[in-house]
Every structure is written in structure tokens, then in C-alpha cells.
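Engineer:
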Amino acid sequence: MATSLIRRGPRAWFEASLLGGALSLAVLGILAGSDTALADTLFFGAWCAALLLLLSLALRLPLRAGDSVGSRLLRFGVAALGCGMAVLANVALYRHDVHFDMTREARFTAPAELSQVVNALHRDLSLTYFYNEADETAQAAQGALSVLARENPHFRFKTVDLDRNPAEARARGVRAYNTALIESGDRRVQVENTVDLHQVAFGMLRALNERQEISCFVTGHGEPYETLPPHVHYTHVETTQENLRGAGEIVVGTADGLDRLRLALGAFGYADKPITPATLASIPDECSVVVEIGPRRDWAPGEDATFAAYLARGGRLLVMADSTAPIPHGLEDLLSRVGISIEGGIVLDPLNHYGTEPEKIAVPYYPKHPVTDRIAMTVFPRARSVHLRRLPEAVRALPLVVSSKDSHRQDAGRPGGDEESAPGPMVLAAALEGSWPGSASDAPFRMIVTGNSTFAENEYFPVVSNGELAASMIRWLSGDIDTPTIQPQRFSLPQILLTHHQIQAVFLAVEVLLPLSVMLIGAAVWWRRR
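Position 108 (the sequence shown) corresponds to 107 in numbering that gives the first Met the number 0; numbering is contiguous.
1) Assign Arg533 to one of two classes, buried (16 or more other C-beta atoms within 10 Å of its C-beta) or exposed (fewer than that).
2) Closer than 6 Å by C-beta to Asn242: which residues in its own chain qualify, once you throw out the five before and the five after it? Chain order, please.
3) For Gln211, name the three-state secondary structure that DSSP assigns.
4) Helix, strand or coil, according to DSSP, for Leu257 in the structure here?
5) If we require 4 or more residues per run, which alpha helix (DSSP H) segments fall completely within the region 276 to 316?
6) Please look up how many angstroms separate the CB atoms of Ser536 and Arg155, rounded, as I've assumed it's under 8 Å.
7) Buried or exposed: Glu209, going by 16 or more other Cβ atoms within 10 Å of its Cβ?
8) Between Ala15 and Thr158, what straight-line distance do the alpha-carbon atoms span, to the nearest angstrom?
9) Determine the DSSP secondary structure at Leu387, reduced to helix, strand or coil.
10) Give me the Cα-Cα distance between Ile326 and Pro380, rounded to the nearest whole angstrom.
11) Quick one: give me the first and last residue of the beta strand (DSSP E) that Val401 is part of.
12) Pull the bridge partners of Leu427 from the DSSP assignment, please.
13) Let's see if you can read the secondary structure: which residues bound the beta strand (DSSP E) around Ser125?
14) Hey, would you say Leu431 sits closer than 9 Å to Ala396, going by beta carbons?
15) Please classify Asp162: does DSSP put it in a helix, a strand, or coil?
16) Helix, strand or coil for Arg244, going by three-state DSSP, please let me know.
17) What does a CB cutoff of less than 6 Å around Leu449 pick up in its chain, not counting 5 residues either side in sequence?
18) Just mark Cys82 as buried or exposed, buried being the case when its beta carbon has 16 or more other beta carbons within 10 Å.
19) Which residues share a DSSP beta bridge with Met319?
20) What are the residues that DSSP puts in a beta bridge with Gln189?
21) Relative to the C-alpha of Thr136, which candidate in Ala38, Asp195 and Ser145 has its C-alpha closest?
22) Is the separation between the beta-carbon of Ile341 and that of His386 shorter than 9 Å?
23) Can you tell me which of Glu167, Val97, Val146 and Met101 puts its alpha carbon nearest to the alpha carbon of Tyr130?
24) What number of angstroms, rounded off, separates the C-alpha of Val217 from the C-alpha of Val188?
25) Could you tell me the alpha carbon to alpha carbon distance between His235 and Met203, rounded to whole angstroms?
26) Along the chain, which unbroken stretches of the beta strand (DSSP E) at least 3 residues long are found entirely within the region 328 to 382?
27) With a CB to CB cut of under 6 Å and the five nearest residues on each side skipped, what residues in its chain are close to Ala133?
28) Cβ atoms of Ala324 and Arg295: under 9 Å apart, would you say?
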């Protein structure tokens, strides 16, 4: 066969390679069936190779055949075969659709958050987009949504030109251009005047949530929780990137506030309200999760019993200690019932830290847990360690965030003092679940305890994955596991943050190796030309 191909010349080799390439890509597409995007791309490559092969073979046919019956049948058969192959090729292309966005800004590609929501759909969700055809940005958003609708049959997408169909818009309560009307079952969410597909993704999550979760923030002990109106405002930032996410949604607030966390939870469809346990007979049943962030004063007598009763009936509690204030005695007593404590002093990590400050611990790796799934690096400034002692039999605990093996604990009152502990991994956050000790109820409780609250506050919330971790903790505690996990809004401009080792690597490459290589190459050129 090789001798025959050699005799026929390079065109025969080209056709043979096209045939082999089409078959190989098709087989690889079948083997990659679990990865739909990769499989569709491979099938598209096989389709292109097959059409090129057909074109090359068609060019071999004579322009005119004889007038005999056999010649006519041959012409008819070739035409029928060509039409059949074209139909099959288009059917294959339709069933294995693939999208290539060649624009520099990826204007016609849906963001990762929206793709995750659509790919995770297991029930029907419809989106009607009322847009203005003259708006190029709205057309790009419409194109990206159309591509997603072809990828998942549960996602039903429809566009309506508001100028051409004002009656339909009025009938459905739409009053503004570029409004996304999202419906799932009997739930209906309307996202007005937006071409930001991140906002559409959060609107889908709100439509998929069958009930509104309520996060109850504990107050009365100096916590940083405040009401929004006097505490936060938005600003607009001009950038060189036209489609920069978050432009016009930059939150300006106090560094130790919780505005970004609360707004991010609101985008997921969560509501928040303050509670003061000292004034309550019991924690309200409407609280999906109770959040105690940064208490700076002691608990009132009996508050630990109120929390214990809440956890005994299957409550969900998130505790974030303030590293600059003593741990409330009531909180210490509550944690001791499940065999854990928050240690004094702060943890220093000379191996993994943010910038040049070892008290700002950078954590790039996590134990396997639903909370830390898909979480990248997080930064914990001046964190305390969480000590897991002897746990009750019905309680399970798992570390969520752990510092490196070179970290150690130091007395917070003496920053330059002697080390209090030998080097070793320190637990900075832990998750507990099970039956509350002494409870007669079968409802399991959940609790997360962290030795730091600063990572969830305004200053550090947008840093790498801090906000994502804080929101993931609350979503896991509330049992929100049916909707996909996506990155929350940060309400800040994107930043590039490096660890100490990354800064050293960049300095070595840019400031040392690059100039040195230029000098060496110049010396070599001079030596050859001298």
C-alpha cells in the first residue's frame, strides 16, 4: 500500500492523512465523552478533516461523464452521496456544537460562573432576555447565552427586542432595556438593566433556591456588623478595560466592616439580620445559620446555654474569633463541650505568607471538604490556632485550613518575644458536625470555628479566595448543596497578589536573570565579532 501511495504522489498521502486524522479524532472524541467540551472540539476537528477529504476526492471526479445509463447512474449516485454526506455532516455538527471566540476580550464567551450554573442544571430553567438590538454589548451577551442554551437542554433561552415587542414586555412587567427574566418552577427573578453575565449567573442561583436562607449575625459584643445605609457606598472606577467586571460596583467602606460579605451573600439570594442572644429566650427558627464574627467583649451570662440549646436541636453556627481581643468566656465554655479551644497568641508562618509579613499566613492547600472544594489560596492575617482536643464520640471534626509545617505560635502581647510552640502545622479553621453532647434530638448540628475574623472583613474579603471561602462556609452550614458553588462578587477591582516565595521568584527572574542574560548574550556577540 505504501508503494501505491508513493506512486500516486503527495496528494494521496494528504488524503490518507486526512482519513487517519478524522478517524483518530473521532475515536478520541468518543473516549472523552465525559468531558463534553473536549469531546465536541475533537468531533469538530474530525468533521473538518472529513469534509476536506470529501473535497479532495470530489476534485478527482471528471467534469463530464458519458451518456450511457451506467454513467447517468454514476452521476446520480455521486450527487446523492454528496448530499447525504453534507446532511450527515450538518447533523453531526448540530449534535456536537462547539464555540470558538476569537475576540481578544472573549466578548462572546460566557464567564466561568455562568457556565458552571448552566452545566449543573438538573431541572428546567428559562431565561427571557429583553434587549436593545442597537446595543453591541447586549448582542454579545445574547450570543453567549445562545451558545449555553445549545449545550444544556434544561436551559431554555429566548430573546425579545424591547422596541419591537413592547406589549410582551409590559405583560411580563419589564420596563428597562437589557432585562433578564429568569423562571424556574414557580420562582421568578428579574435582573434589570444589565449586560453583565455574572449578574445573570447570580440571578439563576436565586431562582434555583427553593427557599430564602437567612444568616443571623450575632451583635451585642462589639462585632463589626452594621447596617448598610450609613456604612457603605458605591463608586465608579474608570479603567482601560471596557468590560471589566465590577466597574461601577466598587464598595467603599470601613476596613473592618462586613459589607462585602453581606452583599456577596445577597447576590446568592441570602438575607441577613442581626440578633442579640442576650435578649432572646432562644435562637429564632428562621435562622438558617448563626454567624458570630469578631466578638470584642465578653458574652452575657447564659448566652452559652442559649447557643447550646440551639445546636442541640440541629443548629448551624459559624464562629470567627477576633485575634486582637480575648476569647469570650461563654464562647470558651461552649467550644469546650465539643472538645475544641481557640489558643492564645498568633500563628507565624515563615514558609507560606503574604508579602514579607509572616503573621499574614498564606494557605495554598486544604484537606478535602465541601467547604474548601475549588478554593485557591487564602490569606489569614494575625490568626489564632484552633486546638482539637478529645472529641465526644458523636462529634466529627475535620481541619479546613492548616498552616505549613514551619509555622509556630507566638505570644500576641510580645511580638518580638520567644516562640511559645515548636514548629508544626497549626489548624486555623475546623468544621464539626454530629450530635450535640447530651442532646436527645436526632437532628445533627454543624459548626465551623476559625481563629481569625479579619479574612472575611472588607479589607481582606477581596484578597485571592478569602471571600469565596467565607461564603462557602456559610453555604455549607446552611445546607445549600443543591446549587453549584461559584465565586462570589468581591465589589473591588481585580488584584494580583503574590506570596513571599512568588515575590522572590519574580525578583530573581526579572531583576537578576533577565539583565544577566542580556549581558552574557551581548558579551558572546562581542566575542564573536571582535
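Ideal Cβ placement from N, Cα and C applies to all residues, glycine included.
Structural biologist: This is what the structure holds:
1) Only positions 0 to 529 of the chain appear in the structure, and residue 533 is not among them; the question remains open.
2) One-based indexing of the sequence shown puts residue 242 at position 243. No answer about Asn242 holds up, because its pLDDT of 44 lies below 50 and its placement is not dependable.
3) If you number the sequence shown from 1, residue 211 lands on position 212. Coil.
4) Reading the sequence shown from its first residue, position 258 is the one you call residue 257. Coil.
5) Annotation: the region 276 to 316 contains the following complete segments of the alpha helix (DSSP H) (minimum length 4 residues), in chain order: 302 to 311.
6) One cannot answer for residue 536 here, as it falls past the ends of the chain, which runs 0 to 529.
7) As a first step, residue 209 must be located in the sequence shown, where it is residue number 210. Label assigned to Glu209: exposed.
8) Start at 1 with the first residue of the sequence shown, and residue 15 comes out as number 16. Start at 1 with the first residue of the sequence shown, and residue 158 comes out as number 159. Taking the straight line joining both Cα atoms gives about 45 Å.
9) Reading the sequence shown from its first residue, position 388 is the one you call residue 387. If DSSP states are grouped into helix, strand and coil, Leu387 belongs with the strands.
10) Within the sequence shown, residue 326 is the residue found at index 327, counting from 1. Within the sequence shown, residue 380 is the residue found at index 381, counting from 1. The straight-line gap separating the alpha-carbon atoms of Ile326 and Pro380 is approximately 17 Å.
11) If you number the sequence shown from 1, residue 401 lands on position 402. Taken as a continuous stretch (DSSP letters only), the beta strand (DSSP E) holding Val401 covers Val394 to Val401.
12) On the sequence shown, position 428 is the one that residue 427 refers to. DSSP output for Leu427 lists no bridge partner at all.
13) In the sequence shown, residue 125 corresponds to position 126, counting from 1. Here the beta strand (DSSP E) through Ser125 covers Leu124 to Tyr130.
14) The residue you call residue 431 lines up with position 432 of the sequence shown. The residue you call residue 396 lines up with position 397 of the sequence shown. Yes, these two residues count as a Cβ contact at 9 Å.
15) Here residue 162 is taken as the residue at index 163 of the sequence shown, counted from 1. Three-state DSSP puts Asp162 in coil, outside helix and strand.
16) As a first step, residue 244 is located in the sequence shown; it is residue number 245 there, counting from the start. Because the pLDDT of Arg244 is 42, which lies under 50, any placement of that residue in the model is unreliable, and the number read from its coordinates should be weighed accordingly. Three-state DSSP puts Arg244 in coil, outside helix and strand.
17) Along the sequence shown, read from residue 1 onward, the residue named residue 449 stands at position 450. With the sequence shown as reference, residue 449 is identified as Thr, and Leu is not the correct amino acid for it. The residues are Met319 and Ala428.
18) Mapped onto the sequence shown, residue 82 falls at position 83. Exposed, because fewer than 16 other Cβ atoms sit within 10 Å of the Cβ of Cys82.
19) By one-based count along the sequence shown, residue 319 stands at place 320. According to DSSP, Met319 bridges with Ile292 and Thr449.
20) For this step, residue 189 is matched to residue 190 along the sequence shown. Leu180.
21) Taking the sequence shown and counting its residues from 1, one reaches residue 136 at position 137. Each of Ala38, Asp195 and Ser145 was checked against the Cα of Thr136, and the nearest Cα belongs to Asp195.
22) As a first step, residue 341 is located in the sequence shown; it is residue number 342 there, counting from the start. As a first step, residue 386 is located in the sequence shown; it is residue number 387 there, counting from the start. The answer is yes: Cβ separation under 9 Å.
23) The residue you call residue 130 lines up with position 131 of the sequence shown. Closest by alpha carbon: Glu167.
24) Position 218 of the sequence shown, counted from the first residue, corresponds to residue 217. Position 189 of the sequence shown, counted from the first residue, corresponds to residue 188. Approximately 29 Å between the Cα atoms of the pair.
25) The sequence position of residue 235 within the sequence shown is 236, counting from 1. The sequence position of residue 203 within the sequence shown is 204, counting from 1. Note that His235 has pLDDT 43, beneath the 50 cutoff, so the model's placement of it is unreliable and no number is given.
26) 339 to 341, 345 to 347, 359 to 362 and 377 to 380
27) Counting from 1 along the sequence shown, the entry for residue 133 is found at position 134. Hits under 6 Å: none found.
28) Sequence index remark: in the sequence shown, residue 295 carries index 296 (1-based). Sequence index remark: in the sequence shown, residue 324 carries index 325 (1-based). Contact: yes.
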